[in-house]
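Protein chains in written order, with UniProt numbering: chain A, 1 to 487; chain B, 1 to 487; chain C, 1 to 487; chain D, 1 to 487.
Below is one structure; the comments refer to it alone.
Next comes the structure, spelled out in structure tokens:
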């Protein structure tokens, strides 16, 4: 245990529970049921999930075997989660109430985005907690899609086992050599032949595609290339992962890791996949031809809240590691304990400030979605999408730096967290696309108003100057004429 | 009017009112009375105050006369404010209800910190709006102090005319050559001689001391140098500004301006003052000997919220100028309108995101103070104190840069705003002091908890490794021994 | 003298002279004559100019009189400079050797850009040193222009008195409401009528136009609006400042200061000027019709080196103030001397590092110009133009913050320096224009090369993979096919 | 080849060679011999090494086998390097001339730090180039140490085969749970027993320790714990890696990679090693008891230059990938080619500027070492050590972001480069230690000088104020007294 900080002699103050630490602005938006569950989740994550992370990693290993099998500790954690009533909490109010008891699998859904967001923060502290309570991406988004748009047969075949945690799923959107952040660029071909759909093309960053338990893919493809509306050319299709013609060519690494793309994602990697005359029945189509981008849009808002809140959890966790490190009395460079170094104390303070600020931004976006005005929340969601990973990367990187060489290796969760968080500046579209769209939206919405206001105020100023007979006193020298001040 | 952007041809969408633009997280915390007033304030600030800013500046002038007289437009605006019921809104609930009707001067106080904070944001858009509704620093803090700690005689003599807006006041804390961010360093001498207090020493950054209407100073000094408690050595005394022995030696400029120290402050400068055997009766003492630092502490929390929210208002205003500039079609460098330049659109987006984030941070601190737990809000207040001016400086500087040479001169409010905001990284203690204290506080409060948790989790991991008989697979080569993974 | 840090008890090591502190990379490029002069300049600036800065400022005053008269101390300093052989050092080798002894006015020109750049750094430490040795903008650029392109009559009339320091000059380029960073947008009309040129239009940011000694303007205007080459539409004309029809309407402030636009500029402000049928003889044309942008281009390179090096001098000066402040033992907040605060020590270190780095960047650009390849130095000059003011603003702002309230007022040179430096991110085109052009230039010059190289390397990799019969081992699981690694 | 950008239709300008692209400031410091070799190296790295990087990576694989064997392509590259005369170029002038012909192994050493630094930049473009020409860390530093301090027997046993590239070596300094950036904290015990030294303790981050070819360790340990001089307590010992009692427990990962610690390092990982009564003869001691820190100091300067220059090479390479990406016409998000996006062009420009600036900083430090004044170069070396990795991380991260998901995976060298560079902010002491020491050094060296100068200038100002009878005009109002302006 040589790298862990030593136990201090005296016990500290009892830590306040998650439900007691809610920011004042959030406090009024959380039901008692959610508060109770937050405390259960926190205890479970800290006492059971985080200690299991290292075991899970070790069970996976780093050798050839890591691509086969499935760490047994995760199945045990899933059982435990269901015992604690921690299952499918992500299922939002509206879908949750539309499902019958059987469908829900006894899960604990039905929360607002604010409430589940707070839970996701806690889940984000652990590598495997999200999957252990069936709240991992991309399954969560996929389940929402099938719950919302699926036919009864589709639900029975795929939603039921997904809600039960018996299988996993993939979401195949991104294509190599395409600017996939613009959904209208997707070009894997979907062609109808009689009662079949025939798929040809390639996908990559297909999360979970290396996992044997991943049984179903939702595939976005180009079905109506001639539609006059660019955004009605794509469709989504349910494709069983073992369908003939699908080949997973290789796994993509992420800064040397096999899998990290999404904080809530189970492992087994991001595949580069080809579709060669892959056939599924037309009944596997979701919602209808040309509806791919419409489904896409509905899927992204809450998903971005989840990612952002899990990243907040990572950042909080990194701050805890940094604080522990500062009090490790075996590390006293140049005779001064780390906790007395002003630069490090400033890192702690800035991290505290930046995490708190980012959390409010995300919960504000969640509250706007909850208020029913999801489309009006575009700016708030984009703010959270862009601001949080940048903040979390900074906080985690400080913690890495405070740990020295220990920070970049497997002896803390920090390096893995950083990598996972780094991908969030790219996933669902790079920051720059979101910032550009935010900028255009703000400019378009407000240009007229801003110009009007400034022009109006200038006009009133001129009237007031005349009324008060102001002789401008600001000019110097004998050359001064009656030119009026501009503002 | 050559520098104002031209009117576009078509009318835009009607602007939503302030009460309709509240962030979702804040919405539930604002009473109908406050919402109504927010809309009145917004209209008054935009339609009457901002157009008056330039007139006021011109009436002040930049020549010798600027130190004498008082711009008449301000008195007119004050009348107008009282007609609209905009007066003394800063007076917080508890003080407000303790004052009788006469004392209140018909003012509209009694709001929560969240509510008045939102009003202060609107006031911060104009140079003179805060003073025009009697909500300018340092008067607001001074009035709170006298309302809270003053004797009936002190209230009658000074609080009444201050609440009526008939006089102004100074707060004399900072001393040259002292680290004044630590109140226990204050050393202007206060000595009792019979029924008199005799003051000797010097003060600087005495805001408002160049203004003839400034009739009363609250002076912090060293009265009990031998007290064993460093923080019980100072006292506060009410000193009429015309008392014999007070000399205002010179005015301090701020980046070339005569006065900008505090966003809500009226002009007439920051003085460098000496006290030479200045005598006032002992009855002018506030609260008691040695109580200076205690009064100081109570004064700062809400004041920091006010400064921060006014800075949010400045930043919003700067963003509006930037947006207007982007749509000024006389400025089309290299053939592309400014609104099509990706870098500038990114500035708009980041500014939107950073302002929204900072606002939530301040309002969260205000809500924590409102919940009655002011002392527990130390971290939240410090977060707002540090984060907001940094954000606002960045947003304003982007707007300056987008305007080119026009941005640094008097033709926009931007250069003045920047300067005013810059002082807030120093006023009430430099950022670095606050960050250091935040870091220490966070570290002290959480060190034990963080260490315990990590050590505990490590222990559980070891148990789980044993239980699952994990043979660590991550090591390579023939040299591998049974050494266990750390995490 | 209460604000100056106290003298420490013991004397320190003797300071090394400027010629002894040259960075190793620069050492070999400086002649003995330049080294000798560097030491003379350094002593003169430190011992005579900087102490005079405050006197000069006080002689100017801040009242009405500041627009009239001329601080006598500056004329005394000019005399002294000539005694020391410090005059017109800016005059570059080629122009210098083309002028006869009389023209040179005994000045000490003829240096390389590297050599004069190092001198400019020293001059930049003082507000008035540049003018005191006749090396202030815009006169330097104007003298270069007349020396290079002027007719004998033009030289006699204007170059001679400028070289002698008897008059000053203005450079009127920027226009309100134009994107003046693109010279082809300049639109003040220049129309030929018989032997006269008739000028109509307006200019602003006309540095020095408030100064009675400013006798001659170089005016850029639109003479050939129909030329097919956008960059051959403008001309430059010599216009005496007292010509009929010229009105200086008002002075533009810069963050509250009357004048700061350029580090080397004398005061008396930046004017907003109109031209109403202003007539000068055609013989006042410089170089020829349509040659305005050509002259402009030649003027900018060395001028940017001068500005950048003076800013380096400002930054060094700010660092010295910061170091002195850290050792002011009257300022010991919370019991620890400032020099023991880790955050402040890091500011010193970063400032040291950033100044040293920026200096090398500028001198490298100067060396490239000196190597005769001024056009090929576009990127190097742009790097210096953009990087140096950003660096200097950061260093100066740290020094301001370290001084607290003292840093924003007139008690140190820091606030003035910051403002002066801030304008350099805008003058001669905003950073964003330069960055955009650098980006385009780099991309255009290297796109083909970069693509070729990467494609070529990929092809070779494929050949090597085949040669070595590599079976890619990086893929996991049973699904792996023969897909090859990309890189 | 689907991810490589397509070939443009027309050929570009021929690329200039490395020797033709030297910055002007550097040009005069490079001999013809070095220039010739630079061009040979550049061609070899681009044409042979970079294409081999992917083959090497594939030969290593990502499965169990990666810990065994040795990619054959590297041995072929080594042969090729020797044919081209590219061998041991790192060997500095003084050591090189002290070795006889046999020792040098026909290598091409004897260059200045500036010259070899420029070569290291080119080597840093490839993962394996440094090792392929026997210039990889830690061998280079180890060879320098043995060449400088080794006995003839030590040289024969270890220097000869190292110079020949037949074996590799480890440098075992860092210990877990120690603040190893302070050499006096090293505590692995070295005890003399008769003619033996007995070593007990543990080391980690022992680069290369996973490689079978790594035959010799230089081990730093605590031999004289009672020495009154903290920095004379440690010694260095040569320990064959197969000595009994040495156990490599596990390999440390770096952000998911097996090995990346140092840019020039060969793979096979960073081991965590224990020493249990490891015995070597006393004759294996280097230089003498208590000389460990002395050897350490001499070793670090040039090594930091090498690391920094290789990082410059990485950054240049990342910029090339970014430029190629911008011109990949399959990626046209929202209808605009990437090369037209202002934000991305600004990234190119800033990267160009930052790389150029950092390169000059490093070469300046190298030139200072070359001037024989290595101890006086402490600040310059620290500047390079701190500034370069920060710059390179930023440039590489921009390139990653510009590539989207492709940037984080194995399809470009970017993710690996970032990780490698990230460790350089920690290796040889974290940034914060270097900044703190730089700050203290600068403060100590200059405090007296800065104070003297400012106090002196203030005194002269006072004299001048008196001489010129200045009545300060900057104060306002009737209260003004004769208080003098401070500056």
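Even glycine gets a Cβ: it sits at the ideal position worked out from N, Cα and C.
Since the structure is predicted, the reported quantities are computational estimates derived from the model, not experimental observations.
Same chain only: Cβ atoms within 7 Å of residue 421 (chain C), ignoring 5 sequence neighbours per side: 311, 314, 389, 392, 393 and 396
Through-space distance from residue 304 (chain A) to residue 385 (chain A), alpha-carbon basis: 6 Å
Where the segment 332-343 of chain B meets chain C: residues whose CB sits under 7 Å from a CB there: 332, 333, 334 and 343
Identity of the residues DSSP links to residue 190 (chain B) by a beta bridge: B:199
CB contact check: residue 290 (chain D) to chain B, cutoff 7 Å: no
Nearest neighbour of residue 33 (chain A), chosen from A:53, A:112 and A:73 [CA to CA]: A:112
Minimum Cβ-Cβ distance from residue 346 (chain C) to chain A less than 7 Å: yes
Selection of the segment 178-205 of chain B by Cβ proximity to chain C, strictly under 9 Å: 178, 179, 180, 181, 182, 185, 202, 204 and 205
Buried versus exposed call for residue 79 (chain C) [16 or more other C-beta atoms within 10 Å across all chains shown]: exposed
Cut-off 7 Å between Cβ atoms - residues of its own chain near residue 446 (chain B), not counting five sequence neighbours on either side: none
Beta-carbon proximity check, residue 51 (chain A) vs residue 464 (chain B), cutoff 7 Å: yes
Listed by chain order, chain C residues near residue 439 (chain D) by CB distance under 7 Å: 345, 346, 348 and 349
Sequence ranges, beta strand (DSSP E) only - wholly within the segment 212-263 of chain C, length at least 3: 214-222, 234-240 and 246-252
Short Cβ contact (7 Å threshold) for residue 436 (chain C) with residue 339 (chain D): no
Cross-chain neighbours of residue 401 (chain B) in chain A, by beta carbon under 7 Å: None at all; the shortest Cβ gap to chain A is about 15 Å.
Nearest-angstrom Cα separation, counted from residue 440 (chain B) out to residue 16 (chain A): 19 Å
Residue 24 (chain C), DSSP secondary structure in three states: helix
The segment 451-469 of chain D: positions lying closer than 9 Å to chain C by Cβ: 451, 452, 453, 454, 455, 456, 457, 458, 459, 460, 461, 462, 463, 464, 465, 467 and 468
8 Å contact criterion, which residue 277 (chain B) and residue 400 (chain B) should meet: CB distance rounded: Not quite, the Cβ-Cβ distance comes to about 47 Å (not below 8 Å), so this is no contact.
Reduced DSSP secondary structure (H/G/I, E/B, other) of residue 87 (chain B): coil
Nearest candidate by alpha-carbon position, reference residue 23 (chain A), set A:368, A:364 and A:453: A:364
Of the listed residues D:237, D:203 and D:185, nearest to residue 225 (chain D) (C-alpha basis): D:185
Continuous beta strand (DSSP E) stretch holding residue 278 (chain D): start and end: 270-281
Members of the segment 365-376 of chain A that neighbour chain B once the beta carbon cut-off is set at 7 Å: 367, 368 and 371
CB contact below 7 Å: residue 353 (chain B) versus chain A: yes
Exposure of residue 83 (chain C), with buried meaning 16 or more beta-carbon neighbours within 10 Å: exposed
The segment 41-59 of chain B / the segment 455-469 of chain A touching (three or more Cβ pairs under 8 Å): yes
Given residue 555 (chain D) as reference, the closest of D:86, D:341 and D:228 once Cα atoms are compared: Outside the displayed span of chain D (1 to 487) sits residue 555 (chain D), for which this structure offers no information.
Contact under 7 Å by Cβ, residue 293 (chain A) with residue 237 (chain A): no
Exposure label - residue 376 (chain A); buried when at least 16 CB within 10 Å: exposed
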